[in-house]
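This report concerns only the one structure given below.
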């Protein structure tokens, strides 16, 4: 990280400074927006701080350079798939370093005070992600009248592995620390600490959904937007200890902080990649026979601690978090994203489909039959795809809204990308550039959104989402068990949605 003397005035006109309690940060003005990158909200994760709760920021002398991205959480970047450009939504190559508990702030340069705040939490299956993904540029949202904050947090072994003697849910604790920083500092950037909306995608949306009922996050945010994620993604400690023991055996170390701290980070990441392999025969189902991740990840938050005292469904039934306005939804074809390569749905056999679902939930065969498995003339893939969409994403978003004691609205993003001959469709993550207003970044002949995605859809969504952040108002009725109104984003209309077959087989 670069520092300069505070009285150094040799700065260009587009450089801007803000004086925080911890020191001066220097950002850059871009397109009428003040942009600050990698401001610390907690101390660097040097060895003595790893596997510990986030510690207070270390004050600095001089000026901290906040004009460029800094390190991201340790992770192994997946290979880029052939024939499609996903760079706009992929984690960029960034320098390594312990100082990655940081955030980006985007605020309009007009210095208007008390603007609503939208704080974004990225997804990545609890094992990856970065605040500096290109599509997460907060400039368009800031120009729409909000202060946009995008945060890093710990992932994988260092963020979501409940080692004995180590505080649980360190990734969630990082998010709480970022929210506390926002409460204490965002007014200096023109934001209103009394009007904070969390928004996130996939694993990030799941984290938001569980923070709704966390006593540690109470009062730190006021609205929540969950894209392709819900709160029924926690495990009990006993189930997660299976993962702890498996990794300790792989690394040949004691299942303790000291044991894991003595392993070089590259070996930790190697073991993490190994345990995530779909081919690994490793049963992560709980006592009820469920794996809420459907095999997509081994890592996720645990319930039964000071961060999440209650399992999500129990917290919802008790009305915890009723003071939070909730906007939750999914894309129409979520699972397309996980099967872009090959022709899985064309080739899958009936026994494979049953086994895939059985690894995640009881009554797998009955659930697939409810979607048409075994009907004459029905292909297995044509049954499995909508079943997985509903079982993994769509129904649980509706179920969360149904049980939420406060105001809840439901949306579905149904615009279909023509990329890869239509294989992308309304896949997991296709909606993100539309929400951020970064559609152009993901556009092109080989890009995720294809050559000509509708920019006007992005404008309309941002208008609604920032309006929700401002006052909680949306142009369609709240969700309830009688009307079940769901807003279709591309059609810009809301309609009643019948209960899905998945409802009979999920909590």
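Numbering (full-length UniProt numbering), first residue to last: 1 to 507. Yeah, the Cβ is synthetic: ideal placement off N, Cα and C, and Gly gets one too. Keep in mind it's a predicted model, so treat the numbers as computed, not measured.
Following the continuous beta strand (DSSP E) through residue i, name the residue where it begins and the one where it ends.
i	result
residue 439	Counting along the chain, residue 439 falls outside any beta strand (DSSP E), and DSSP gives it neither H nor E.
residue 418	Premise fails: residue 418 is in no beta strand (DSSP E) and is neither H nor E.
residue 15	15 to 20
residue 147	147 to 151
residue 410	408 to 413
residue 28	23 to 30
residue 63	63 to 65
residue 176	Residue 176 -> not in any beta strand (DSSP E); alpha helix (DSSP H) instead, spanning 170 to 185.
residue 33	33 to 40
Confirm, please, whether the CB-CB distance from residue j to residue i is below 9 angstroms.
i	j	result
residue 189	residue 105	yes
residue 388	residue 440	no
residue 484	residue 498	yes
residue 424	residue 385	no
residue 150	residue 220	no
residue 21	residue 169	no
residue 513	residue 502	Limits of the chain in this structure are 1 at one end and 507 at the other, which puts residue 513 out of reach.
residue 393	residue 201	no
residue 26	residue 16	yes
residue 113	residue 187	yes
residue 340	residue 121	no
residue 172	residue 148	no
residue 53	residue 167	yes
residue 481	residue 402	yes
residue 235	residue 313	no
residue 228	residue 331	yes
residue 494	residue 414	no
residue 419	residue 450	yes
residue 197	residue 316	no
residue 243	residue 474	no
residue 303	residue 155	no
residue 273	residue 76	yes
residue 233	residue 292	yes
residue 145	residue 115	yes
residue 246	residue 282	yes
residue 195	residue 469	yes
residue 476	residue 409	yes
residue 239	residue 125	no
residue 436	residue 136	yes
residue 370	residue 174	no
Apart from the five residues on each side of it in sequence, which residues of its chain come closer than 8 angstroms, Cβ to Cβ, to residue i?
i	result
residue 492	460
residue 6	Annotation note: pLDDT 43 at residue 6 (below 50); position unreliable, coordinate value reported separately. Counting only Cβ-Cβ distances below 8 angstroms, and skipping sequence neighbours, we find 24, 61, 62, 63.
residue 500	390, 394, 395, 398
residue 3	Because residue 3 carries a pLDDT of 49, less than 50, the predicted location of this residue cannot be relied on, and the following value inherits that uncertainty. For residue 3, where only same-chain residues beyond five positions count, the Cβ hits under 8 angstroms are 60, 61, 62, 63, 64, 65.
residue 9	Annotation note: pLDDT 42 at residue 9 (below 50); position unreliable, coordinate value reported separately. For residue 9, where only same-chain residues beyond five positions count, there are no Cβ hits under 8 angstroms.
residue 349	380
residue 471	none
residue 253	259, 260, 262, 263
How far does the alpha helix (DSSP H) with residue i in it reach, from first residue to last?
i	result
residue 98	Residue 98 -> no alpha helix (DSSP H), and no H or E assigned at all.
residue 373	Looking at the DSSP string, residue 373 is not in any alpha helix (DSSP H), and its letter there is neither H nor E.
residue 357	350 to 358
residue 386	380 to 389
residue 140	139 to 143
residue 157	156 to 160
residue 68	No alpha helix (DSSP H) contains residue 68, which DSSP labels as neither H nor E.
residue 519	Only positions 1 to 507 of the chain appear in the structure, and residue 519 is not among them; the question remains open.
residue 345	344 to 347
residue 398	395 to 403
Within a Cβ cutoff of 6 angstroms, which residues of the same chain sit near residue i, ignoring the five residues on either side of it in sequence?
i	result
residue 453	439, 443
residue 216	176, 307
residue 405	319, 322
residue 107	34, 142, 147, 189, 190
residue 268	157
residue 407	325, 478
residue 11	Low per-residue confidence applies at residue 11: pLDDT is 49, beneath 50, and the placement is therefore not dependable enough to give any value.
residue 416	425, 426
Tell me which same chain residues have a C-beta within less than 7 angstroms of the C-beta of residue i, skipping the five on either side of it?
i	result
residue 265	74
residue 69	37, 38, 94, 132
residue 71	94, 95, 96, 97, 99, 100
residue 182	117, 119, 149, 193, 196
(request) Count the CB pairs spanning the region 118 to 132 and the region 75 to 91 that are closer than 8 angstroms, and state whether there are at least three. (result) A contact is defined here as three or more CB-CB pairs under 8 angstroms, and the region 118 to 132 meets this definition with respect to the region 75 to 91.
(request) Could you pull out every unbroken alpha helix (DSSP H) segment of at least 4 residues lying fully inside the region 264 to 328, listed in chain order? (result) 265 to 275, 312 to 317, all fully within the region 264 to 328.
(request) Tell me the start and end of each unbroken alpha helix (DSSP H) in the region 192 to 255 that is at least 4 residues and wholly inside, in chain order. (result) The qualifying runs are 203 to 211, 237 to 251.
(request) Give, in chain order, every unbroken run of the alpha helix (DSSP H) that is at least 4 residues long and sits entirely within the region 420 to 506. (result) Runs found: 432 to 436, 455 to 471.
(message) Does the contact criterion of 3 or more C-beta pairs under 8 angstroms hold for the region 464 to 478 versus the region 348 to 365?
(response) The region 464 to 478 makes no contact with the region 348 to 365; the number of CB pairs closer than 8 angstroms stays below 3.
(message) At 3 residues or longer, what runs of the beta strand (DSSP E) sit wholly inside the region 70 to 129?
(response) Complete beta strand (DSSP E) runs here, min 3: 102 to 108, 115 to 121.
(request) Report yes or no: do three or more beta-carbon pairs, one from the region 255 to 264 and one from the region 155 to 168, lie closer than 8 angstroms? (result) Short answer: they touch.
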